[in-house]
Every structure is written in structure tokens, then in C-alpha cells.
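> Taken in order, the sequence shown gives residues 164 to 467; the numbers are from this note's numbering.
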Amino acid sequence: MSSFESSRKVFSSLDTFDATAWNSSFTSEDRERAVDGLERGHVLYFKTLAFPLEAEEKVFLSSTWSDQEAKNISFDPTEGRLRGAKIEGADGEKLAGMMRRYASDARQLLQGLLPSYASTLKLARTSFRPHEVEGRKASSFRKDDTRLHVDAFPSRPNRGARILRVFTNIHPAGKPRVWQIGEPFEAYASRFLPTVSRPLPGLAQLESILGITKGVRTPYDHIMLHLHDRTKGDETYQREAPRQEVAFAAGSTWVVFTDQVLHAAISGQFVLEQTFELPVAAQRQTERSPLRVLERLTGRALAA
Ligand code: SIN
Ligand code: FE
Numbered sequence: 164m165s166s167f168e169s170s171r172k173v174f175s176s177l178d179t180f181d182a183t184a185w186n187s188s189f190t191s192e193d194r195e196r197a198v199d200g201l202e203r204g205h206v207l208y209f210k211t212l213a214f215p216l217e218a219e220e221k222v223f224l225s226s227t228w229s230d231q232e233a234k235n236i237s238f239d240p241t242e243g244r245l246r247g248a249k250i251e252g253a254d255g256e257k258l259a260g261m262m263r264r265y266a267s268d269a270r271q272l273l274q275g276l277l278p279s280y281a282s283t284l285k286l287a288r289t290s291f292r293p294h295e296v297e298g299r300k301a302s303s304f305r306k307d308d309t310r311l312h313v314d315a316f317p318s319r320p321n322r323g324a325r326i327l328r329v330f331t332n333i334h335p336a337g338k339p340r341v342w343q344i345g346e347p348f349e350a351y352a353s354r355f356l357p358t359v360s361r362p363l364p365g366l367a368q369l370e371s372i373l374g375i376t377k378g379v380r381t382p383y384d385h386i387m388l389h390l391h392d393r394t395k396g397d398e399t400y401q402r403e404a405p406r407q408e409v410a411f412a413a414g415s416t417w418v419v420f421t422d423q424v425l426h427a428a429i430s431g432q433f434v435l436e437q438t439f440e441l442p443v444a445a446q447r448q449t450e451r452s453p454l455r456v457l458e459r460l461t462g463r464a465l466a467a
């Protein structure tokens, strides 16, 4: 990577909100700030919005419930099933119940905060991240979230839909979740797009038929996945790219489009996360979505 001069300037990326309850009603000014900030690629930060565990849920604040292979324990609300956990019977029910409650709180928060998204927002997986991030060895560089990246799902093409995530730090002893946040999406995409070659004709259809992907990967999915992998694999970029470090306090919540905001998790333990999918058309300013930015940069339709 030759130079980072053009993006050395400090970028401000946190917009803070005072809410303390998941069912808060927000002023129209706050709602305006939220949609505008999110779509610009800011992180919405709720410093005092905690997710208190019930007394009987505190046993889950341990990494022993993980199957030790998966990064996260995840819960699929449509299947009602836990993945990545080594847990059975009543304990499994209890953990699923905690994750369901988090999903419902996260949804309530977004309904109050982002009413223009609410009708098309789709609830996807819930995850519980019980491992200390710092020093944990990833099984491959592609799975290493301590490296800057934007999110892309390898087996679940989303055809341009946005990935909106709500995170809550539930560390019981006050340890912050430390992230690095990188340069704005368009500058980043312009830098890495030349490294992404076109997909092989027919490959997306074949992978879908073979069940490698759930549905056919669009050119958009191809580019996002390659951007993700190229970025994580670029040692110079990882070392030298501009970034800002932020510490999300224990007992805080943050909301971010992780398909747009370059991020890396550096340290911390015990986070809950809820993923939502949002159609590009639901955005206030669709031209800020990664799909439209990439279409502009490549001069092609990428998710038709
Ligand atoms: C990530 O989404 O890359 C990891 C974020 C986290 O677990 O804090
Ligand atoms: Fe990520």
C-alpha cells in the first residue's frame, strides 16, 4: 500500500445517545440523527443502555459453554436452534431464552429509533460471544476479526441487503470491548476494488446448486467477500491503515452497519449481538449503501 495521506485526517465516527431503556421513545431530532449517522457510516453509541442478566443467567458468563471451535454461540430465531454451544436440556433452554430476550429488546430499540426502517427490518441471527478476543487464535486469517474488515457472509449471499448489527457489552466486571474503526467505505473500496477479479462464469449457480451457498451469490456478494478476504490478508493495510480506537464500556450498546464500517475487535469478552437485514430501498439515502457505492465505482449493476 503506497500511501495513506489522503485519509490520514481524523474521521469522527461515534454518535452518542442517552437512552437507558430498550423501549425508549426518541425525539424526532434523535431519530433524524440516528438514520443520518448510521447511513454515513457512524456508530450509534448508547453508553448507558445495558442488558442486565437474570440471576440464573449469570452462569453463562463463562467460555465453557462454547463448543470451543466456533467463535460465537448463535441462535437462529426462525429455527429456534443454538449453534456453537456445548449445552443441553434446561441449560440450553435458559440460554436460548436469554438470547431471545436480547433479540426482542434489540428489535424494540430499532423500532423506536429508526421507524422508517421498522417495517422492512428482518431479524437474523443472535450471537453470544463468550471468548476473550485478545490473544485468541483464529482458525484462519479470514476468521480473524482482530483484523480490519467489513462484514460479508460467505455462505449466505444477501444480494445487496444491508447488515445492521446491535452489540451490547455484558462484561460483569467492567471490561470494555475495544474496537478499531477504519476509513470511510468509499475510500476503502476504491483502494481494494482493483484487487478483486470478476467471478468465474457459472460458479455462483454451481455453488448454489451444491448447497455451498444459500441462494445464488450476486456480483455484489462476490465483491464484498473478496474485499473482506483481501483486506484481512493485506499485512501492510492491517499495520498502516488509518484507524480510530474506541472502547465500548461494559453496560453499553452500539448500533452499526457492519457491511459499511471497517472494524476490528481488539479486546474484551462477553458481548451479545443481534443481526438485522435491511433492503437498500429502505434507506434514506440509498446512494450511501455499499451496493450503490460499488455500482458507481465499477459502472455496473451488481445485484440485478
Ligand atoms: C466483528 O464483528 O468483526 C467482531 C465484533 C465483536 O465481536 O466485537
Ligand atoms: Fe465483523
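Heads up, the beta-carbon is just placed ideally off N, CA and C, and yes, glycines get one too. Given the structure is predicted, the values throughout are model-derived calculations rather than measurements.
Check each candidate in 355, 339 and 196 and name the one with the smallest Cα separation from residue 313.
Translated into positions along the sequence shown, residue 313 becomes position 150. Closest option to residue 313, Cα to Cα, is 355.
> Ends of the beta strand (DSSP E) at residue 211?
Residue 211 sits at position 48 when you count from the first residue of the sequence shown. Here residue 211 belongs to no beta strand (DSSP E), and DSSP marks it neither H nor E.
> Kindly indicate which residue of 429, 362, 368 and 285 has the alpha-carbon position closest to the one of residue 437.
Taking the sequence shown and counting its residues from 1, one reaches residue 437 at position 274. The option with the nearest alpha carbon to residue 437 is 285.
> Given a threshold of 16 other Cβ atoms within 10 Å of its Cβ, counted over all protein chains shown, does residue 464 qualify as buried or as exposed?
Along the sequence shown, read from residue 1 onward, the residue named residue 464 stands at position 301. Residue 464 should be labelled exposed.
> Just to confirm, does residue 294 get its C-beta within under 7 Å of one of the non-hydrogen atoms of the ligand FE?
Position 131 of the sequence shown, counting from 1, holds the residue named residue 294. No, the Cβ of residue 294 stays beyond 7 Å of every heavy atom of the ligand FE.
> Identify the continuous beta strand (DSSP E) that holds residue 345 and give its terminal residues.
Your numbering for residue 345 matches position 182 in the sequence shown. Note, residue 345: beta strand (DSSP E), 340 to 345.
> With 16 other CB atoms within 10 Å as the buried threshold, where does residue 256 fall?
Translated into positions along the sequence shown, residue 256 becomes position 93. Answer is exposed; the Cβ neighbour count stays below 16.
> Roughly how many angstroms lie between the CA atoms of residue 466 and residue 331, to the nearest whole one?
Here residue 466 is taken as the residue at index 303 of the sequence shown, counted from 1. Here residue 331 is taken as the residue at index 168 of the sequence shown, counted from 1. Cα-Cα distance, rounded: 32 Å.
> In angstroms, rounded to a whole number, what distance separates the CA positions of residue 265 and residue 289?
Within the sequence shown, the letter at position 102 stands for residue 265. Within the sequence shown, the letter at position 126 stands for residue 289. Rounded to the nearest angstrom, the two C-alpha atoms are 8 Å apart.
> To test your reading of the DSSP string, which unbroken alpha helix (DSSP H) runs of 4 or more residues are found completely within the stretch 371 to 437?
Listed in chain order, the complete alpha helix (DSSP H) runs (minimum 4 residues) inside the stretch 371 to 437 are 382 to 396 and 398 to 403.
> Run the proximity test for residue 384: is its beta-carbon closer than 7 Å to any non-hydrogen atom belonging to the ligand FE?
On the sequence shown, residue 384 is found 221 positions in, with the first residue counted as 1. Every heavy atom of the ligand FE is 7 Å or more from the Cβ of residue 384, so no.
> Using 8 Å as the threshold, is the stretch 396 to 407 in touch with the stretch 229 to 236, meaning 3 or more CB pairs across them?
Judged by Cβ distances under 8 Å, the stretch 396 to 407 makes no contact with the stretch 229 to 236, as fewer than three pairs qualify.
> Could you check where the beta strand (DSSP E) with residue 193 kicks off and where it finishes?
Stepping through the sequence shown from its first residue, residue 193 is reached at position 30. First-last for residue 193: 191 to 203, but that is the alpha helix (DSSP H), not the beta strand (DSSP E).
> Look at residue 381 and residue 322 and say whether their C-beta atoms are less than 8 Å apart.
Position 218 of the sequence shown, counting from 1, holds the residue named residue 381. Position 159 of the sequence shown, counting from 1, holds the residue named residue 322. In contact: residue 381 and residue 322 (Cβ atoms closer than 8 Å).
> How close, in whole Å, do the beta carbons of residue 296 and residue 416 come, if the pair is a contact with beta carbons under 8 Å?
What you label residue 296 is simply residue 133 of the sequence shown in a count that begins at 1. What you label residue 416 is simply residue 253 of the sequence shown in a count that begins at 1. At roughly 18 Å, the Cβ-Cβ gap does not stay under 8 Å, so residue 296 and residue 416 are not in contact.
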